[in-house]
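**Student:**
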Amino acid sequence: MTLEDTGERQLDALYRPLSLFDVAGKTAVITGASGAYGRTIAIALASLGCRLLLASGSQNALSEVARAASAAGGEVELIRARPDSLDDASAIVGAAVAAFGAPDMLVVASGLNVPAMVDDAVLEEWQAVMDANVRGPWLMAKAFSAAVGERGRGKKILFVSSVRGRLGNAAGYSAYCTSKGGVDALTRVLATEWGPRGITVNAIAPTVFRSSLTSWIFADDDRGQAARARNVSRIPLGRLGEPEDLVGASIFLLSPASDFCTGQVFYVDGGYTAG
8 MTLEDTGERQ
18 LDALYRPLSL
28 FDVAGKTAVI
38 TGASGAYGRT
48 IAIALASLGC
58 RLLLASGSQN
68 ALSEVARAAS
78 AAGGEVELIR
88 ARPDSLDDAS
98 AIVGAAVAAF
108 GAPDMLVVAS
118 GLNVPAMVDD
128 AVLEEWQAVM
138 DANVRGPWLM
148 AKAFSAAVGE
158 RGRGKKILFV
168 SSVRGRLGNA
178 AGYSAYCTSK
188 GGVDALTRVL
198 ATEWGPRGIT
208 VNAIAPTVFR
218 SSLTSWIFAD
228 DDRGQAARAR
238 NVSRIPLGRL
248 GEPEDLVGAS
258 IFLLSPASDF
268 CTGQVFYVDG
278 GYTAG
């Protein structure tokens with residue numbers, strides 16, 4: 008960054024602060040794009056003028072997200088794929104390169120949870136959670152880094168962690184909590200490894216928010232009401248999360264506004280981790 012660039016950035020920060028959140032014309036790769044968070048951030052980025060490469064294993068749901076993102080104003084390409092291998096991850100990033108050139112942002116929103124108490128857990132299911140939640144982000148970050156090369160200045164990686172990466176849970180989350188702790192560690196390691204290239208690596212960490220995986224908690228039956236009450240009792244703001252609650256923090260972490268922020272786990276949890 009030249010002195011001239013620094014001066015212009017200072018002027019932007021002081022007199023045009025909203026310009027720091029400008030992502031128009033940037034290219035974002037989003038895995039897990041058909042999930043609640045992936046869909047939400049895809050539409051939000053599209054509305055800000057981003058070009059999107061959306062990846063998911065569910066073609067029908069992926070097509071629906073693509074239609075919504077296109078309607079919001081984004082230029083969208085699709086690939087039906089999950090980052091199960093390095094070839095898969097490279098194919099996802101390669102599709103973005105073919106369509107738009109080297110990507111500017113990577114959002115790894117794909118993940119998995121199979122709750123089970125340790126005594127009852129099946130090893131293969133535990134490993135599947137670890138593969139989806141830790142191995143997948145590692146593979147996507149590796150593929151993204153290869154595509155970016157040394158042109159890393161201003162490039163952004165955003166993982167999805169959870170308050171469960173920091174706090175345990177008595178309800179059989181030994182795989183999920185461990186995997187999200189791994190995401191937190193991966194965030195910090197990659198931030199230090201790729202900081203000299205100008206790539207920032209951060210994670211967003213929500214508490215329970217509305218999605219297909221958590222719909223039972225929002226239900227009005229006895230089980231849902233009990234789980235909801237138990238969770239809300241720990242949240243100072245007195246409610247569970249919604250996907251749109253994650254948009255502001257995500258845009259910050261994907262925009263020039265966060266250029267001096269890396270290796271951070273950003274909690275969007277209504278104060279859950281505060282007490």
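Heads up: the sequence shown begins at 8 in the working numbering, then just goes up one per residue.
Just so it is clear, CB atoms sit at the ideal spot from N, CA and C, and this is done for glycine as well.
Note that the structure is a prediction, hence the values are computed from the model and not measured.
For residue 21, is the classification buried or exposed, using 16 other Cβ atoms within 10 angstroms of its Cβ as the cut-off for buried?
**Tutor:** By the 10 Å Cβ count, residue 21 comes out exposed.
**Student:** Would you list the one or two residues that DSSP bridges to residue 107?
**Tutor:** Per DSSP, none; premise fails for residue 107.
**Student:** Grouping DSSP H, G and I as helix and E and B as strand, with all else coil, what is residue 45?
**Tutor:** Residue 45: helix per DSSP, three-state reduction.
**Student:** Looking at the unbroken beta strand (DSSP E) that takes in residue 273, where does it start and where does it end?
**Tutor:** Run containing residue 273: 272-275, per the beta strand (DSSP E) assignment.
**Student:** How big is the Cα-Cα spacing for residue 144 and residue 207?
**Tutor:** Distance between the alpha carbons of residue 144 and residue 207: 15 angstroms.
**Student:** Straight-line CA distance for residue 95 to residue 69?
**Tutor:** Distance between the alpha carbons of residue 95 and residue 69: 17 angstroms.
**Student:** Going by C-alpha to C-alpha distance, which of 75, 226, 116, 214 sits closest to residue 274?
**Tutor:** Per the Cα distances, 214.
**Student:** Go through its chain and collect everything with a Cβ distance to residue 104's Cβ below 6 angstroms, but skip five positions before and after it.
**Tutor:** Excluding positions up to five away in sequence, the list reads 154.
**Student:** According to DSSP, what are the bridge partners of residue 14?
**Tutor:** According to DSSP, residue 14 bridges with nothing at all.
**Student:** Tell me the rounded alpha-carbon separation between residue 269 and residue 256.
**Tutor:** The straight-line gap from Cα to Cα measures roughly 13 angstroms.
**Student:** Could you tell me which residues DSSP puts in a beta bridge with residue 207?
**Tutor:** Answer is 163.
**Student:** When you compare only the Cα positions, how much space is there between residue 233 and residue 65?
**Tutor:** Their Cα atoms are separated by approximately 31 angstroms.
**Student:** Suppose the cutoff is 6 angstroms on Cβ atoms and the five residues either side in sequence are ignored; what does the same chain contact list for residue 87 look like?
**Tutor:** Once the five neighbours on either side are set aside, the close Cβ partners of residue 87 are 66.
**Student:** In the region 74-132, which residue ranges form an unbroken beta strand (DSSP E) of at least 3 residues, counting only runs that do not cross its ends?
**Tutor:** Listed in chain order, the complete beta strand (DSSP E) runs (minimum 3 residues) inside the region 74-132 are 82-87, 112-115.
**Student:** Quick one: residues in its chain with C-beta nearer than 6 angstroms to the C-beta of residue 204, no 5 flanking neighbours on either side, listed in chain order?
**Tutor:** Cβ within range, chain order: 159.
**Student:** Based on Cα-Cα distance, which residue from 186, 16, 110 lies nearest to residue 175?
**Tutor:** For the residues 186, 16, 110, the minimum Cα distance to residue 175 belongs to 186.
**Student:** Strictly by DSSP, which residues pair up with residue 38?
**Tutor:** DSSP output for residue 38 lists 62, 115 as bridge partner(s).
**Student:** Within 10 angstroms of the Cβ of residue 151, are there 16 or more other Cβ atoms? Answer buried if so, exposed if not.
**Tutor:** It counts as buried.
**Student:** Can you tell me which of 210, 239, 171 puts its alpha carbon nearest to the alpha carbon of residue 224?
**Tutor:** Nearest option by C-alpha distance: 239.
**Student:** With a threshold of 16 other CB atoms inside 10 Å of the CB of residue 192, please say whether the residue is buried or exposed.
**Tutor:** So residue 192 counts as exposed.
**Student:** When DSSP builds the beta bridges, which residues end up paired with residue 263?
**Tutor:** None; residue 263 has no bridge partner.
**Student:** With a 10 Å radius around its C-beta and 16 neighbouring C-beta atoms as the bar for buried, classify residue 107 as buried or exposed.
**Tutor:** Its Cβ being crowded by 16 or more others within 10 Å, residue 107 is buried.
**Student:** Our contact map puts residue 211 next to residue 260 with C-beta atoms below 8 angstroms; I'd like the distance itself, whole angstroms only.
**Tutor:** The Cβ separation is near 7 angstroms, so the contact holds.
**Student:** Provide the residue(s) that pair with residue 231 in DSSP beta bridges, ordered along the chain.
**Tutor:** For residue 231, which the question treats as bridged, DSSP gives no partner whatsoever.
**Student:** Where DSSP assigns a beta bridge to residue 248, which residues make up the other side?
**Tutor:** Answer is 216, bridged to residue 248.
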